[in-house]
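Protein chains in written order, with my numbering: chain A, 1 to 158; chain B, 1001 to 1114. Here's the structure, in structure tokens; my notes come after.
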Amino acid sequence: MHWSWLTENWRDIVTVTGFAATLGGFVYTIYQVRKTRSAASAAKDAASAVLEESRQSFRRYSASYAHRFINEAKIHVHNEDWDKAAMRINDLADHISQMALIEIDWGAIADDLRKWSATCSRLANNELSRFPKSKWIQFYVVLESRIDKFFGPFSEGL
Amino acid sequence: MLTDVEILEILDKLGSKTKLGQLKWTQDKVVPTAFAATLPRSIIKIGFYSPSSAPDLIEISFLNRETQKPAFSCRINEGDAKWDKALDFYSLVSKKTTGLEEILDDLNAFLASK
């Protein structure tokens, strides 16, 4: 191809225009990359919000079940129905032990609950003659407050 | 194996000997609520325990002095028929060994003086 028909001026104009077009394309690419990145960030934020909402829902569900099991256990203990009390306290221990996946301290509480369940079973089998009522009250008051603290809407864990 | 009646009888007799100072008890270095008395061929141990999720209990063991192995051991839980007797005996041993009995005598003598 022979370009000799272009004057020097026109060659400069073509060069500058080409440079401007390249620069424009580069700027446009940066703009698109940034736009894509902010969209990805928004998607990540949305996913985090959904995860947090699911976590809160799970905590509310867990708290309501834990309170239900405690209340039923308290009724059975009050009625000295030791078999049922042992069963309900054990259910609560199973439920609470799931919480150890979130916060390890719940594992120790689940162990304490299993000991309480064993005490109720021993009462049911006439191996014990007295239930340690004051220790039980002290235990469940602390447990209820920990559940409220952990599972409440503005909780930060144990 | 000892029957409940035999255990109560032994506790009564050990209590009398302890009151008279004829049976010396020592406090356990690790568990402060446990005490031991040594006889020519045996060791008597008594301990008070308060588990967080079960009734308080008193454990009494009779060990062979030579082998240090328990020949008989029993746990008396709060609320059991033998509980009151066992707790009285434990309190007596504890007061005698820790010096609380002397302190109470001294305190009472001071309070009774004019």
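Where is the CB? At the ideal position from N, CA and C, for every residue including glycine. Here the structure is a predicted model, which means the values were calculated and not measured.
Using a C-beta to C-beta distance shorter than 9 angstroms, which residues of chain A count as neighbours of residue i?
i: A1054 (chain B); result: K115, W116, A118, T119, R122, L128, P132 and K135
Listing by chain order, which chain B residues have their CB less than 8 angstroms from the CB of residue i?
i: F139 (chain A); result: S1052 and S1053
i: D112 (chain A); result: S1052 and S1053
Using a C-beta to C-beta distance shorter than 7 angstroms, which residues of chain B count as neighbours of residue i?
i: D91 (chain A); result: Ordered by position in chain B, no residue passes the 7 angstroms Cβ test against D91 (chain A), which lies about 16 angstroms from the chain.
With a CB to CB cut of under 7 angstroms and the five nearest residues on each side skipped, what residues in its chain are close to residue i?
i: K1085 (chain B); result: L1008 and L1011
i: P1055 (chain B); result: N1077, E1078 and G1079
i: K1082 (chain B); result: D1004, I1007, L1008 and I1076
i: V1030 (chain B); result: none
List the residues that DSSP assigns as beta-bridge partners of residue i.
i: E1078 (chain B); result: In DSSP, E1078 (chain B) forms no bridge with anything.
i: Y1049 (chain B); result: B:L1057
i: L1063 (chain B); result: B:I1043 and B:P1070
i: A159 (chain A); result: There is no way to answer for residue 159 (chain A), as the model of chain A reaches only from 1 to 158.
i: F1035 (chain B); result: B:Q1027 and B:I1046
Could you tell me how far apart the beta carbons of residue i and residue j are, in whole angstroms, since I believe they sit closer than 8 angstroms?
i: S1053 (chain B); j: D112 (chain A); result: 6 angstroms
i: A66 (chain A); j: I147 (chain A); result: 5 angstroms
i: K1019 (chain B); j: L1092 (chain B); result: 7 angstroms
i: D91 (chain A); j: F58 (chain A); result: D91 (chain A) to F58 (chain A), Cβ: 18 angstroms. No contact.
i: W116 (chain A); j: I89 (chain A); result: 5 angstroms
i: L1014 (chain B); j: L1023 (chain B); result: 6 angstroms
i: A93 (chain A); j: R122 (chain A); result: That pair is no contact at about 16 angstroms.
i: R1075 (chain B); j: L1057 (chain B); result: 5 angstroms
i: Y140 (chain A); j: K44 (chain A); result: The Cβ separation is near 42 angstroms, so there is no contact.
Short of 8 angstroms in beta carbon distance, which residues of its chain neighbour residue i, apart from the five on each side in sequence? Order them along the chain.
i: S97 (chain A); result: W106, G107 and A110
i: S1094 (chain B); result: T1033, F1035, F1048 and L1100
Name the chain A residues whose beta carbon is nearer than 8 angstroms to that of residue i?
i: E1078 (chain B); result: R130 and P132
Whose C-beta lies closer than 6 angstroms to the C-beta of residue i among residues of the same chain, with five residues either side of it excluded?
i: A124 (chain A); result: W82 and D83
i: S1061 (chain B); result: K1045, P1070 and S1073
i: T1026 (chain B); result: A1036
i: N1064 (chain B); result: A1071
*Pairing CB atoms from the segment 42 to 57 of chain A with CB atoms from the segment 85 to 96 of chain A, are three or more of them under 8 angstroms?*
No, they do not touch.
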